[in-house]
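Engineer: Structure in structure tokens, see below.
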Amino acid sequence: MKEYSAIDALLDENSTEHIILFDENNKETEFEQVCVIPLENANGVMTIYAILNPVTPIEGVADDEALVFKIEEIDDEDCLVIEHDEEMINKVFDAYYDLLRAEGVEV
45 MKEYSAIDAL
55 LDENSTEHII
65 LFDENNKETE
75 FEQVCVIPLE
85 NANGVMTIYA
95 ILNPVTPIEG
105 VADDEALVFK
115 IEEIDDEDCL
125 VIEHDEEMIN
135 KVFDAYYDLL
145 RAEGVEV
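So the number in the numbering used here is just where the residue sits in the sequence shown, counting from 1, plus 44.
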């Protein structure tokens, strides 16, 4: 099995593997990939967002909740960073629901 970084796995349209992320304390959390959404932010810059569903329980996150992460360059390395801006989170989920509707899925 080929070893991928979390970002490589997200950007590989054929990958359905769960991804592992580590927090600042090196605590491992496993996530199920839901969707990758490229969106333009308020500055007109294209940013790639990922909706991830935690497989490993996270305190304060319900079993049926997903989190939005963005790919951000930190120290010349692409990293997944949790999105905290509620307006952007709503835009990401709206884009996801639009994709589902386009596929004929009722949301």
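From the three backbone atoms N, C-alpha and C, an ideal C-beta is built for every residue, glycine too.
Who are the near neighbours of V78 in its chain, counting only those whose CB is closer than 7 Å to its CB and skipping five residues on each side?
Structural biologist: Scanning its chain for C-beta atoms nearer than 7 Å, with the 5 sequence neighbours on each side dropped, one finds around V78 the residues I95, L96, N97 and A110, in chain order.
Engineer: Is there contact between the region 99 to 108 and the region 78 to 90, where contact requires at least three CB pairs shorter than 8 Å?
Structural biologist: no
Engineer: What are the complete beta strand (DSSP E) segments, minimum 3 residues, inside the region 57 to 140?
Structural biologist: 63 to 66, 72 to 84, 90 to 98, 111 to 118 and 121 to 126
Engineer: Pick out whichever of K71, S49, N69 and N70 has its Cα sitting closest to the Cα of I63.
Structural biologist: Closest by alpha carbon: S49.
Engineer: So F113 and E127 are in contact, right, with Cβ under 8 Å, and what is the actual spacing, rounded?
Structural biologist: With 8 Å as the limit, F113 and E127 qualify as a contact, their Cβ atoms being about 6 Å apart.
Engineer: Given this structure, state the Cα-to-Cα distance separating N70 from E117, to the nearest angstrom.
Structural biologist: If you take the alpha carbons of N70 and E117, they lie about 19 Å apart.
Engineer: Check this for me: beta carbons of I92 and P82, under 8 Å apart or not?
Structural biologist: yes
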